[in-house]
Amino acid sequence: EGEGSIDSTVAITEKHIYYAWVGQKGGTHAALWGLVPMLPPAARARETMAAMTAANLALLEKDQEELNRMLVLALKLYRVKSRGSVTVTSTDAAAEPTVDFAYFTHPDDVSDGIEGVRILKAVRDSRALTPLKWEKVPGTLLRLVPDLANLPPGAYRGALPLIPDLDDESAATTWLKADVCTSWHMHGTCRVGEVVDEEHRVKGVGGLRVMDASVFRDSRGTNPMATIMAVGRAFGLRMRKERGT
């Protein structure tokens, strides 16, 4: 973590995990995570993210100082019920498969998402955070994304992204499906029993096992590094024992 940064899990419920970032990392996350949901999904390409990061790093020192005073509140759903798919489209191993993430296709995920955002919105509007909010879009963000100057009057409520009327179920559902971001810890593309067997051997292929997050059936609910390391060590020791080494 960057010096002077705080990255904390502030609450865990049965369905949600809430995070807060402040300081240097908070500023970076405020600029990127606050703005990315306002980009159309098709525009969230690697090149776009790289350009946004480069623009962030190129800001003047006074802009960086302003950015570093920002606070990020983030919500993550876990134990979700929506299920996507990965379809192999070619025998060429270098060809990209067709991926359907199918986010928020299960109604329970939609209702859980709206509930979590409602809590974040209440925190945003709380008296405790009032002194920390800008009445207008900060100049730093305007320099990063000039189009923010075109927001309708009153649309900016001291935080990004803009949140719709959560009492309008249709509008809230559309917003969740179109704007909410993944946290990018992908898993489940080579699940045990489907692509690999119980020993993590790829079906129909000799001498190949998979020991990463792609074998997980469900999200662990947090960063997966420790679980991946545990899987690799456990099966590595098992393979050594099988080979008598």
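Mapped onto our numbering, the consecutive letters of the sequence shown carry residue numbers -10 to 234. Just so it is clear, CB atoms sit at the ideal spot from N, CA and C, and this is done for glycine as well.
Bridge-paired residues (DSSP) for residue i
| i | result |
| --- | --- |
| residue 89 | 74 |
| residue 126 | Paired residue(s): none; residue 126 is not in a bridge. |
| residue 145 | The partner list for residue 145 (beta bridge, DSSP) is empty, contrary to what the question assumes. |
| residue 0 | 7 |
| residue 116 | In DSSP, residue 116 forms no bridge with anything. |
| residue 181 | 185 |
| residue 191 | 185 |
| residue 56 | Paired residue(s): none; residue 56 is not in a bridge. |
Interface flag, residue i vs chain B, CB-CB below 7 Å
| i | result |
| --- | --- |
| residue 107 | Protein chain content of the structure displayed is limited to a single chain, and chain B is not contained in it. |
Cβ neighbours of residue i in the same chain (closer than 8 Å, five flanking residues each side left out)
| i | result |
| --- | --- |
| residue 224 | 188, 189, 198, 200 |
| residue 93 | 71, 99, 102, 162, 165, 166, 169 |
| residue 185 | 179, 191, 192, 198, 199, 204 |
| residue 4 | 66, 67, 68, 101, 104, 105 |
| residue 24 | 41, 130, 133, 134, 149, 150 |
| residue 114 | 146 |
| residue 91 | 71, 72, 73, 74 |
Exposed unless 16 or more other CB atoms sit within 10 angstroms - verdict on residue i
| i | result |
| --- | --- |
| residue 148 | buried |
| residue 195 | exposed |
| residue 96 | exposed |
| residue 141 | exposed |
| residue 61 | buried |
| residue 81 | exposed |
Residue i - DSSP class collapsed to helix/strand/coil
| i | result |
| --- | --- |
| residue 65 | strand |
| residue 137 | helix |
| residue 199 | coil |
| residue -9 | Only weak support exists for where residue -9 lies, its pLDDT of 43 falling under 50; the coordinates are left without a value. |
| residue 209 | coil |
| residue 221 | helix |
| residue 96 | helix |
| residue 107 | helix |
| residue 81 | coil |
| residue 44 | helix |
| residue 34 | coil |
| residue 156 | coil |
| residue 175 | coil |
| residue 102 | helix |
| residue 49 | coil |
| residue 151 | coil |
| residue 121 | helix |
| residue 234 | coil |
| residue 204 | helix |
| residue 28 | coil |
Same chain only: Cβ atoms within 7 Å of residue i, ignoring 5 sequence neighbours per side
| i | result |
| --- | --- |
| residue 212 | 174 |
| residue 217 | 201, 202 |
| residue 137 | 126, 130, 131 |
| residue 76 | 86, 87 |
Cβ neighbours of residue i in the same chain (closer than 6 Å, five flanking residues each side left out)
| i | result |
| --- | --- |
| residue 193 | none |
| residue -8 | Bear in mind that the predicted position of residue -8 carries a pLDDT of just 47, short of 50, making it unreliable; the figure below should be weighed with that in mind. If we look at residue -8 and ignore the five residues flanking it on each side, it has no Cβ neighbours. |
Contact test: residue i Cβ vs the ligand NAP heavy atom, cutoff 6 Å
| i | result |
| --- | --- |
| residue 123 | Within the structure as shown, the ligand NAP is missing, as the structure has no ligands at all. |
With contact counted as at least three CB pairs below 8 Å, one residue from each stretch, are the region 109 to 126 and the region 86 to 95 in contact? The answer is no - the region 86 to 95 does not touch the region 109 to 126, with fewer than three Cβ pairs under 8 Å.
Count the C-beta pairs between the region 206 to 223 and the region 56 to 71 that are closer than 8 Å, then say yes if the count reaches three, no if not. Short answer: they touch.
When you compare the region 98 to 117 with the region 150 to 164, are there three or more beta-carbon pairs, one atom per stretch, that lie closer than 8 Å? Yes: at least three Cβ pairs fall under 8 Å.
Three Cβ pairs or more, each shorter than 8 Å: is that satisfied between the region 125 to 143 and the region 38 to 50? Yes, the region 125 to 143 touches the region 38 to 50.
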